[in-house]
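Remarks on the structure that follows.
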Amino acid sequence: MEVLYPHCAGLDVHKDMVVACLRHVVDGTIKREVRTVKTTTKALLDLSQWLASEGCTHIVMEATGVYWKPVWHILEDGDFDLALANAAHVKTVPGRKTDVNDATWLADLLAHGLVRGSFVPNAQTQEMRGLLRTRKQLVRERTSHVQRLQKTLEDANIKLDSVISDVMGLSGRTMIEALIAGETDPNTLAALAHRRIRAPAEELCEALRGRVTKHHRFLLRLHLQQIDIFDAAIVAIDQEVDANVEPFRAAITILTTIPGVSDLSARTIVAEIGTDMSRFPTDGHLISWAGLCPRNDESAGKRRSNRMRKGAPWLKTTLIQCAWSATRKKASYLQAQFHRLRARRGAKKAIAAVAASILTAIYHMLT
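Quick note: the sequence shown uses our numbering, first residue 19, plus one each step.
See below:
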């Protein structure tokens, strides 16, 4: 097999060490040199200097959790062509797995051009991605605390979520704070409701008639404090995103013209795929990378599975949410597409197709 990169290296990255295999082809003879270094900044800088001094031009490493990132960032400053390999695509022969063998195998694959590098956005996009992923995690954790608060109210037989739509809204929060302060009279609590609450006063009073103990008040106070902490953290992240969003402003503005894509969704999408679509040869490549199309699983002329790949879960969940919003946009192509496909294929496949259509539009709008 033809050797495309005679001077290359494969890195087997771990939390505390990196096993590097430098592969040379000299006068038709393959020479390998293996070194094991720590993952401290000084050790990685020394590794970069050693690889550069040996004439290494291409480096490949597996995507191992978050451990590959500091290695990538340091080597990125050198004059190397870096590739991040999906571990599922570069498995070696079973029963022969060692750190040295893994690094050697990666170097051999790279030398023959058999490694397809994963998409790694630029540093600015990675920072935006980190902020918005953290925001989504905080929103999920906040939701968990709201659910725990509702569970505590149910334990006290306070049926607040049965009569108002948002327990953490203005009226709900005011009533909960009154309960924590020791108020137990249902009429007094019901009087705190905003006039826009649709539930009748009698129904509201009945829902607020419970048995709230000192134990319940302690838990309610604790959950409210945690929710406030998450609210403050989400606001801080939003401010940081606003301060760094200017390079992506034009792309975000364009994407919000798509039905179902809000400003926050557009920011999340741009943070996941960037604004340079040259990394994806066609819209089909982008859809496949996102995991919004069936995987290839065929044997003897028969397709064995139509399940979608895992793809990029952060991007996929955002696109699915956008797709559901788009289906509620009256007289739109995406709504018509969803109803047409749902009748034949079911709601799950239909909504995935709508999400793929949204991503196709995004690809061509950013190209």
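Even glycine gets a Cβ: it sits at the ideal position worked out from N, Cα and C.
All values reported here derive from a predicted model rather than from experimental measurement.
Could you name the residues of the same chain whose beta carbon sits closer than 7 Å to that of R151, not counting the 5 residues immediately before and after it, in chain order? W332
I'd like the ranges of any alpha helix (DSSP H) spanning at least 4 consecutive residues and lying wholly in the segment 74-133. 86-94, 117-129
What does DSSP give as the partner residue(s) for P312 in the beta ladder? The bridge partners DSSP lists for P312 are M326.
Could you compute how far the alpha carbon of L394 sits from the alpha carbon of A379? Because the chain spans 19 through 385 in this model, residue 394 falls outside it and cannot be assessed.
Between which two residues does the alpha helix (DSSP H) harbouring M146 extend? 141-173
Kindly indicate the opening and closing residues of the alpha helix (DSSP H) around V44. Unbroken run through V44 is the beta strand (DSSP E), 35-44; no alpha helix (DSSP H).
Which residues bound the alpha helix (DSSP H) around I198? According to the DSSP assignment, I198 belongs to the alpha helix (DSSP H) that extends over 188-199.
So which of P88, G46, E80 has the shortest CA-CA distance to L65? P88
Quick one: what does DSSP say D256 is sitting in, helix, strand or coil? Annotated three-state conformation of D256 is helix, per DSSP.
Return helix, strand or coil for V372, following the three-state DSSP convention. helix
Which value, in whole angstroms, describes the spacing of the CA atoms of D249 and Q243? 10 Å
I'd like to know whether the C-beta atoms of A341 and S350 end up nearer to each other than 8 Å. no
Going by DSSP in three states, L65 sits in which element: helix, strand or coil? L65: helix per DSSP, three-state reduction.
With 16 other CB atoms within 10 Å as the buried threshold, where does L237 fall? buried
Cutting at 6 Å between CB atoms, please list the residues of its own chain near V133, excluding the five before and the five after it. V78, A101, A103, L127
According to DSSP, is L282 part of a helix, a strand, or is it coil? helix
Using a Cβ distance threshold of 8 Å, determine whether the segment 105-117 contacts the segment 159-168, with at least three qualifying pairs required. Under the three-pair Cβ rule at 8 Å, the segment 105-117 does not count as touching the segment 159-168.
Per DSSP, which one or two residues make a beta bridge with R50? R41
Identity of the residue in D184, R153, Q155, E264 nearest Q168 by Cα: It is D184.
Suppose you measure from the CA of I48 to the CA of A38; what does that come to, to the nearest Å? 16 Å
Simplified DSSP state of L242, which is helix, strand or coil: When DSSP states are grouped into helix, strand and coil, L242 belongs to the helix group.
Just the Cα atoms here: how many angstroms apart are R191 and Y85? 42 Å
By DSSP, does G319 sit in helix, in strand, or in coil? coil
What does DSSP give as the partner residues of G28 in its beta bridges? C39, V78
Report yes or no: do three or more beta-carbon pairs, one from the segment 297-315 and one from the segment 370-377, lie closer than 8 Å? yes
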